[in-house]
Amino acid sequence: MGFAHAASKRATCDRQHVGAVIVVDKQVVATGYNGSVRGLPHCDEAGHDMESGHCVRTIHAEMNALAQAARRGVAVGAARIYTTASPCWACFRVLVNAGIESFVYDQPYRDDEHRERIQQVARQLGLEVRALKG
């Protein structure tokens with residue numbers, strides 16, 4: 797989790813600094829933080845692009861970590877992801893389809909209305925989703 801917190805310090809959206817680390821066989825294979833699309837201005841440069849209470853300029857840390865793994869050609873099947881905030885529903889679905897089997901987070905992501913749905917799907921699929929201190 798320390799690596800995830802270190803990654804979060806690079807976040808470029810000041811609404812919430814989030815970091816993520818993907819681990820395969822006890823080895824860090826990718827990291828990510830919330831920031832803009834590669835090559836486009838970040839929130840700390842251009843401001844927020846808000847829609848329905850969310851900054852849509854920002855890509856979540858989990859997705860950036862997954863993108864980094866893909867760009868490097870690193871398989872993430874049976875991986876664990878450590879995040880400073882619990883995954884949102886959109887990130888969770890994509891990470892499950894990428895092969896992530898274990899989700900460990902430090903703090904809940906806001907009052908995410910999808911947290912129970914995530915837990916239910918995780919139980920159905922035999923995946924781990926838990927708070928670090930839980």
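For the sequence shown, the numbering used here puts the final residue at 930, and the numbers step up evenly by one.
Cβ coordinates follow ideal geometry from the N, Cα and C atoms, glycine included.
Inset, instruction - Please list, in chain order, all residues of the same chain as alanine 857 whose beta carbon is under 6 Å from its beta carbon, the five residues on each side excluded. - result: Counting from one through the sequence shown, the residue named residue 857 turns up at place 61. Contacts found: Val814, Gly815, Ala816, Gly828, Tyr829, Asn830.
Legend entry - Other residues of its chain near serine 832: CB distance less than 6 Å, five sequence neighbours each side excluded: Taking the first residue of the sequence shown as position 1, residue 832 is located at position 36. Around serine 832: His838, Arg853.
Legend entry - Ordered list of alpha helix (DSSP H) runs contained in the segment 823-874, each at least 4 residues: Within the segment 823-874, the complete alpha helix (DSSP H) runs of at least 4 residues are 839-842, 857-868.
Inset, instruction - Would you decide whether methionine 846 is buried or exposed? Buried here means 16 or more other CB atoms lie within 10 Å of its CB. - result: As a position in the sequence shown, residue 846 is number 50, starting the count at 1. Label assigned to methionine 846: exposed.
Inset, instruction - Give me the Cα-Cα distance between serine 804 and threonine 880, rounded to the nearest whole angstrom. - result: For the purposes of this step, residue 804 is taken as residue 8 along the sequence shown, with counting starting at 1. For the purposes of this step, residue 880 is taken as residue 84 along the sequence shown, with counting starting at 1. Annotation: serine 804 to threonine 880 spans about 8 Å, alpha carbon to alpha carbon.
Legend entry - For alanine 803, the first and last residue of its enclosing alpha helix (DSSP H): Position 7 of the sequence shown, counted from the start, is the residue given in the question as residue 803. Its alpha helix (DSSP H) spans residues 798-804.
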